[in-house]
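Student: Just passing along the structure, written as structure tokens.
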Amino acid sequence: MARIGWIGLGKMGEPMARHLRAAGHDLTVWNRSAGKADRLVAQGATLAATPAAAAMGAGVVFSMLADDAALRGAVLEGALAAMLPGAVRVKASTISPALSIEIAAACAALVAHIPGLKVALPSLACEAKGLLKTAIRNDNPVVILHDKMMYNEKA
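Residues 10 to 164, numbered by our numbering, are exactly what the sequence shown covers, in order.
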């Protein structure tokens with residue numbers, strides 16, 4: 010089973026994270042309001058004190074946050090730098106095109122400094138057309154871009 014970091018447990022994030030936990034994945038979660046993690050912690054997830062702590066040691070780090078400010082604070086100023094070589098970051102937040110570009114630049118800079126870090130940087134058009142998907146295949150998280158598998162822990 011995969012070790013997954015999840016940042017953002019709102020109306021969409023909490024149910025998605027719950028399904029990953031129910032599938033048996035080792036899940037570490039963070040939310041600005043820590044109480045929103047109670048249900049997941051009761052199901053065996055670990056509550057992280059910071060976004061960086063949620064990302065630390067995870068093979069996949071999901072972020073599902075409300076807006077630019079939340080994503081910038083949690084990911085750009087925290088989780089991104091804590092990711093391990095070989096980890097994959099999946100953004101599922103509704104953010105501005107400007108912040109998408111800023112995050113892409115930060116990821117590109119990070120990849121240059123951490124050999125082996127995998128970062129899929131789909132274009133905004135791909136995101137808008139729904140070509141970027143996440144799924145569970147054979148009990149492993151999978152990131153699919155243009156119907157091509159970008160990450161599968163067993164691959």
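Heads up, the beta-carbon is just placed ideally off N, CA and C, and yes, glycines get one too. Predicted model, so just to flag it, every value in this text is computed and none were measured.
Say yes only if the C-beta of ALA115 is nearer than 7 Å to one or more non-hydrogen atoms of the ligand HEM, and no if none qualify.
Tutor: The ligand content of the structure shown is nil, which means the ligand HEM is not present either.
Student: Does DSSP classify ARG98 as helix, strand or coil?
Tutor: Strand, per DSSP.
Student: Return helix, strand or coil for ILE16, following the three-state DSSP convention.
Tutor: Three-state result, ILE16: strand.
Student: What do you get for PRO60, buried or exposed, if any count of 16 or more other CB atoms within 10 angstroms of its CB means buried?
Tutor: Looking at its Cβ environment, which holds 16 or more other Cβ atoms inside 10 Å, PRO60 is buried.
Student: Can you have a look at SER102 and say buried or exposed, based on whether 16 or more other CB atoms are within 10 angstroms of its CB?
Tutor: SER102 comes out buried.
Student: The beta strand (DSSP E) that contains VAL69, what's its start and end?
Tutor: From DSSP, the beta strand (DSSP E) with VAL69 extends over 69-72.
Student: How far does the alpha helix (DSSP H) with ASP76 in it extend, from its first residue to its last?
Tutor: Counting along the chain, ASP76 falls outside any alpha helix (DSSP H), and DSSP gives it neither H nor E.
Student: Which residues in the same chain have their Cβ closer than 7 Å to the Cβ of ASP47, if we skip the five residues on either side of it in sequence?
Tutor: If we look at ASP47 and ignore the five residues flanking it on each side, it has no Cβ neighbours.
Student: Straight-line CA distance for GLY68 to ASP76?
Tutor: Cα to Cα, the separation comes out at about 24 Å.
Student: Strictly by DSSP, which residues pair up with VAL38?
Tutor: According to DSSP, VAL38 bridges with TRP15, LEU56.
Student: Please list, in chain order, all residues of the same chain as SER105 whose beta carbon is under 6 Å from its beta carbon, the five residues on each side excluded.
Tutor: Counting only Cβ-Cβ distances below 6 Å, and skipping sequence neighbours, we find ASP77.
Student: Is HIS28 buried or exposed, if buried means 16 or more other CB atoms sit within 10 Å of its CB?
Tutor: By the neighbour-count rule (16 or more Cβ atoms within 10 Å), HIS28 is not buried but exposed.
Student: Buried or exposed for ILE13, please, with buried defined as at least 16 other CB atoms from any protein chain shown within 10 angstroms of its CB.
Tutor: Classification for ILE13: buried.
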